[in-house]
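Data block below; observations after.
Protein chains: 2
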Amino acid sequence: MGLHGTWASPYSTRVKWALKLKGIPFQYIEEDLYNKSALLLRYNPMHKKIFIPVLIHGQRPVCEFMVIIEYLDEMWPQYPLLPIDPYERSVARFWVKFIEDKVGKSKILYFGIFNKSHEVQAKAMRDSLEMLSIREEHGPNKGKKFFGGDNINIADIAFGGLAHWMGVVEEVSGRKMFDAEKFPRLHAWMGNFKSLPLIAENLPDQGNLCRYLARQREKLFSSSTHK
Amino acid sequence: MGLHGTWASPYSTRVKWALKLKGIPFQYIEEDLYNKSALLLRYNPMHKKIFIPVLIHGQRPVCEFMVIIEYLDEMWPQYPLLPIDPYERSVARFWVKFIEDKVGKSKILYFGIFNKSHEVQAKAMRDSLEMLSIREEHGPNKGKKFFGGDNINIADIAFGGLAHWMGVVEEVSGRKMFDAEKFPRLHAWMGNFKSLPLIAENLPDQGNLCRYLARQREKLFSSSTHK
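Here it is in structure tokens:
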């Protein structure tokens, strides 16, 4: 089992967490996006687009974070990342989709907050705050540590792969979004989540991530156009 | 079982197809986006965002097209929309995600092709053609009628909810994308897909859809800003 990823990617990190939580041994291969490994190119399902992270299992690639998680959960049922009950599964999947859409379409992370356009920046800030307030309102149930209840599930993994990066984006941009007073349930959740050694040990170092994102931000600012 | 949807939505249509293929009886409730039903508002999982389509089952809402399909497949295993083999499931899910991302992020449909900006329009055209050529290259296996093999699966439903609308967008915009000579496998697929009575009978009428999208396009052109 191999996982091709990049250290600074929330998507790669989420898959690492899933593999670690399930106790599945794997070889991690750090990819350089500007000089991709022959193995990655060989297993990539398309010629025109490179997917990262990619899980290689039995010489076959599985791409896209949530697709990988579903695959892992079906192949290795230990430490289920999706609830057992079909309705509860739909709720967990809904929250993953919610987070994915916010990051993708609303560009609440890098591409929005780091954008040259003040209008785009302002919209990304508004969208981030709206997303956080919705997630706060639908936070972990009373007395529960995680969105998944007493154990981490896929909704925790998805939000964790956003919340940590959000803190770094705040530091680099100097703009506060994830305020502890405004979002007390989410901050309590964050404490519980990061207190798990498996999570903390597989989280990119905040200092390195800050330096990396600061460089990315400079690139975005110096490029003439960006989405 | 109730499905709240809008007739012109590819997402609502996909869920209708899934319910029909599985033979699950349901009540369809057409929603007016400007005057939503009390039932829809009551079952909506969030106050700030209205999801359509919504499946109401046992007085509980299930939102987001793919989440609904996964739920239906888990609750009603007849006519499986996802393959049985975990790896094949991951491949089908990957293609759904691919189509979803192209429609969402690359705006290959309305918001792109109908955009006032020539730059945005040109990008949407490029992205559409790229998407189609990738899907063509990875079309149904030789001798198979559908992406799912001999039966329709979720990858067919996802692409069908794009291809039909693409034809309408072409008609309204006067720009050809889905060319039969460039994409012979996809056109053969389209013929097979639409020849199924269950699909054809639950497809919005092309003329009505053209008129509807022409009005949407006018609205986009007359609004001062749009994404």
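If you read the protein sequences in the order shown, they are chains A and B. Counted from 1, the first sequence has number 23 at position 23 by UniProt numbering; the numbering is strictly sequential. Counted from 1, the second sequence has number 146 at position 146 by UniProt numbering; the numbering is strictly sequential. Built from N, CA and C at the ideal position, the CB exists for glycine as well.
Using a Cβ-Cβ cut-off of 8 Å, state whether B/Arg-126 counts as contacting chain A.
no
Output needed for B/Tyr-212: all residues of its chain with C-beta closer than 7 Å, excluding positions within five of it in sequence on either side, in chain order.
Taken in chain order, the residues that qualify are Ala-8.
Once you ignore the five residues that flank B/Asn-153 on each side, which residues in its own chain have a CB closer than 6 Å to its CB?
Within the same chain, B/Asn-153 has close Cβ partners Leu-81, Ala-92.
A/Leu-198 versus A/Lys-36: straight-line alpha-carbon distance, rounded
Cα to Cα, the separation comes out at about 28 Å.
In the DSSP assignment, the alpha helix (DSSP H) including B/His-118 goes from what residue to what residue?
Unbroken alpha helix (DSSP H) run through B/His-118: 118–137.
Going by the beta-carbon positions, is the gap between A/Phe-65 and A/Arg-14 smaller than 8 Å?
yes
Could you list the residues in the stretch 56–77 of chain A with a C-beta less than 7 Å from some C-beta on chain B, going in chain order?
For the stretch 56–77 of chain A, the residues whose beta carbon sits under 7 Å from a beta carbon of chain B are, in order, Arg-60, Val-62, Cys-63, Glu-64, Val-67, Glu-70, Tyr-71, Glu-74, Met-75.
Reducing DSSP to helix, strand and coil, say where B/Pro-80 ends up.
Correct three-state label for B/Pro-80: coil.
Run through the DSSP bridge pairs and tell me what A/Ile-29 is partnered with.
A/His-4
Please classify B/Met-190 as buried or exposed, where buried requires at least 16 other C-beta atoms within 10 Å of its C-beta.
buried
Who are the near neighbours of B/Arg-42 in its chain, counting only those whose CB is closer than 6 Å to its CB and skipping five residues on each side?
none
What are the boundary residues of the alpha helix (DSSP H) that includes B/Ile-68?
65–75
Is there a Cβ from chain B that is less than 8 Å from the Cβ of A/Lys-145?
no
Considering only C-alpha positions, which residue in the set B/Tyr-34, B/Trp-76, B/Asp-179, B/Ile-157 is nearest to B/Lys-22?
B/Trp-76
is_contact[A/Gly-161, chain B] using C-beta, thresh 8 Å
no
Would you mind giving the Cβ-Cβ distance between A/Val-54 and A/His-4, rounded to the nearest angstrom? I have them listed as a contact below 8 Å.
Cβ-Cβ separation between A/Val-54 and A/His-4: approximately 5 Å, consistent with a contact (criterion under 8 Å).
Could you list which residues in chain B have their beta carbon closer than 8 Å to that of A/Lys-97, in chain order?
Glu-64, Met-66, Val-67
Which residues in chain B sit within 7 Å of A/Arg-93, going by Cβ to Cβ distance?
Those within 7 Å of A/Arg-93 in chain B are Val-67, Glu-70.
What does B/Ser-90 touch in chain A if you count any residue whose Cβ is under 8 Å from its own?
Val-62, Val-67, Ile-68, Glu-70, Tyr-71
Near B/Gln-27, which residues of its chain fall below 6 Å by C-beta distance, leaving aside the five closest residues on each side in sequence?
Gly-2
Euclidean distance between Cα positions of A/His-164 and A/Ser-223:
26 Å
Would you mind telling me which residues of chain A sit closer than 7 Å to B/Tyr-87, beta carbon to beta carbon, in chain order?
Arg-60
Rounded to the nearest angstrom, what separates A/Ala-122 and A/Ile-113 at their Cα positions?
A/Ala-122 and A/Ile-113: Cα-Cα distance of roughly 8 Å.
Let's test the definition: count the other Cβ atoms within 10 Å of the Cβ of B/Ile-157 and tell me whether it reaches 16, buried, or not, exposed.
Per the 10 Å Cβ criterion, buried.
To which residues of the same chain is B/Ala-155 closer than 7 Å at the C-beta, ignoring the five residues directly before and after it?
Cβ within range, chain order: Ala-92, Trp-95, Val-96, Phe-147, Gly-148.
Helix, strand or coil, according to DSSP, for A/Arg-215 in the structure here?
Look at A/Arg-215 here: in three-state DSSP terms it is helix.
Who pairs with A/Val-168 in a beta bridge, going by DSSP?
In the DSSP output, where bridge partners are listed per residue, A/Val-168 has none listed.
Segment limits, alpha helix (DSSP H) that includes A/Ile-56
Not the alpha helix (DSSP H): A/Ile-56 falls in the beta strand (DSSP E), residues 54–57.
Helix, strand or coil for A/Lys-227, going by three-state DSSP, please let me know.
Low local confidence applies: a pLDDT of 44 at A/Lys-227 is under 50, so the model's placement there is unreliable, with the coordinate-based value given in what follows. Residue state, collapsed to three classes: coil.
In whole angstroms, what is the alpha-carbon distance linking B/Lys-145 and B/Leu-19?
Taking the straight line from one Cα to the other gives about 21 Å.
Taking the continuous alpha helix (DSSP H) assigned at B/Asp-85, which residues delimit it?
For B/Asp-85, no alpha helix (DSSP H) run applies, since DSSP gives it neither H nor E.
Span separating the alpha-carbon of A/Ser-90 from that of A/Val-103
20 Å
Could you give the residue range of the alpha helix (DSSP H) that holds B/Gly-191?
184–194
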